[in-house]
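J.: I have a structure here, written as structure tokens, and I will follow up with some questions on it.
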Amino acid sequence: MSEPRLVPIKLDAYKPLREIVFETLREAIISGKLEPGERLMEIQLAEEMGVSRTPVREAIRKLELEGFVVMIPRKGAYVAGISLKDITDVFEVRAALEALAAGLAAERATEEEIEQLERSLLAYSEQTNKQDINGIVESDTDFHDLLYKASRNERLQQIITHLREIIQRVRTVSLSQPGRSKDAVEEHRQIVDAIADRNIELAQNLAREHIYNAENSMLNSLKGAQKKDD
Numbered sequence: 211m212s213e214p215r216l217v218p219i220k221l222d223a224y225k226p227l228r229e230i231v232f233e234t235l236r237e238a239i240i241s242g243k244l245e246p247g248e249r250l251m252e253i254q255l256a257e258e259m260g261v262s263r264t265p266v267r268e269a270i271r272k273l274e275l276e277g278f279v280v281m282i283p284r285k286g287a288y289v290a291g292i293s294l295k296d297i298t299d300v301f302e303v304r305a306a307l308e309a310l311a312a313g314l315a316a317e318r319a320t321e322e323e324i325e326q327l328e329r330s331l332l333a334y335s336e337q338t339n340k341q342d343i344n345g346i347v348e349s350d351t352d353f354h355d356l357l358y359k360a361s362r363n364e365r366l367q368q369i370i371t372h373l374r375e376i377i378q379r380v381r382t383v384s385l386s387q388p389g390r391s392k393d394a395v396e397e398h399r400q401i402v403d404a405i406a407d408r409n410i411e412l413a414q415n416l417a418r419e420h421i422y423n424a425e426n427s428m429l430n431s432l433k434g435a436q437k438k439d440d
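One gets the numbering used here by counting positions in the sequence shown from 1 and adding 210 to each.
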């Protein structure tokens, strides 16, 4: 990095420093301030944010777990690349898996699990009203985790776990687009209603459409970014 692109950290009484550093770095990656393939130098990042290397090191480890960073042996940490092919591939897989999960949930979910899904909608809506992207992503993740659990298919849950890193990164970028989280809340609500009504086919179709909408939102954002660069 030739010049600082990160602002000094402002302490938040409600959040640990390592969490603030993590959120700052993740936002920098999402916004493109830290570009794909760029090496993350702990010392330089710590100086730019006005913190010690320890919270930076912890944040980089967490970013690696979420798929934003890759560790290369004997070379260090780099911002993970994400290609258009990666995006379309993961959305194709998610559309199929989400439709399967929603259909199975409509057939198998207990009343308690449906209630948990309904409660998660409230949490999601609250985070959307606050416009807290980290809270939005967490609420979205929780909703889909509950959906997979309600499917009662352990193999399905295992497949989703293997894809979690790339899904999480794509999810974060998609939900960062203006208006997308509000649309997602309504789409989630329709899915839960279909599950509660035990309408398997409708639940499948709504879940599939939900993923396609997320993909279109992200691709439109990328096209807009490319036009700005041109």
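Backbone N, C-alpha and C fix where the C-beta goes; we use that ideal spot for every residue, glycine too.
(1) Quick one: measure Cβ to Cβ for Val395 and Leu331, integer angstroms, because I've assumed they're closer than 8 Å.
(2) Per DSSP, which residues does Ala311 bridge with? Please list them.
(3) Note down, in chain order, each residue of its chain lying with its Cβ closer than 8 Å to the Cβ of Gln378, except the 5 sequence neighbours on either side.
(4) Could you tell me which residues DSSP pairs with Arg418 in its beta bridges?
(5) Given this structure, state the Cα-to-Cα distance separating Lys272 from Phe232, to the nearest angstrom.
(6) Just tell me which of Ser293, Glu411 and Asn430 has its CA closest to the CA of Ala315.
(7) Please say whether Pro226 and Ala290 have beta carbons closer to each other than 8 Å?
(8) Return the chain-ordered list of same chain residues with a C-beta closer than 6 Å to the C-beta of Leu429, the five sequence neighbours on each side being excluded.
(9) Under DSSP, the beta strand (DSSP E) around Ile282 begins and ends at which residues?
(10) Give me, in chain order, the residues of the same chain whose beta-carbon lies closer than 6 Å to that of Glu323; leave out the 5 immediate sequence neighbours on both sides.
(11) Using only the alpha-carbon positions, how far apart do Glu248 and Glu257 sit?
(12) In whole angstroms, what separates the C-alpha of Gly345 from that of Thr382?
(13) Only counting the same chain, and skipping five residues up and downstream in sequence, which positions put a Cβ closer than 7 Å to that of Leu261?
(14) Quick one: is Asp439 buried, meaning 16 or more other Cβ sit within 10 Å of its Cβ, or exposed?
(15) What is the rounded straight-line gap between the Cα of Glu425 and the Cα of Leu294?
(16) Given this structure, state the Cα-to-Cα distance separating Glu419 from Gln254, to the nearest angstrom.
(17) Measure the CB-CB distance between Ile405 and Ala319 and report whether it falls below 8 Å.
(18) Between which two residues does the alpha helix (DSSP H) holding Val266 run?
(19) Helix, strand or coil for Tyr288, going by three-state DSSP, please let me know.
(20) Leaving out five residues on either side along the sequence, give the residues of the same chain with a beta carbon under 7 Å from the beta carbon of Ile401.
T.: On the basis of the coordinates in this document:
(1) 7 Å
(2) Paired residues: none, contrary to the question.
(3) Only Glu276, Gly277, Val347 and Thr351 meet the Cβ criterion.
(4) DSSP, once it has assigned bridges, lists no residue as partnering Arg418.
(5) 7 Å
(6) Comparing Cα-Cα distances from Ala315 to each of Ser293, Glu411 and Asn430, the minimum goes to Glu411.
(7) no
(8) none
(9) Val279 to Ile282
(10) Cβ neighbours of Glu323 within its own chain (closer than 6 Å, five residues either side excluded): Ala360.
(11) 17 Å
(12) 11 Å
(13) Checking the sequence shown, residue 261 turns out to be Val, not Leu. Cβ within range, chain order: Ile219, Leu227 and Val231.
(14) Legend: pLDDT at Asp439 = 49, less than 50; position of this residue unreliable, no value from coordinates given.
(15) 11 Å
(16) If you take the alpha carbons of Glu419 and Gln254, they lie about 43 Å apart.
(17) Annotated as proximal: Ile405 and Ala319, with beta-carbon spacing under 8 Å.
(18) For Val266, the enclosing alpha helix (DSSP H) begins and ends at Arg263 to Leu275.
(19) strand
(20) Ala312, Ala413, Leu416, Ala417 and His420
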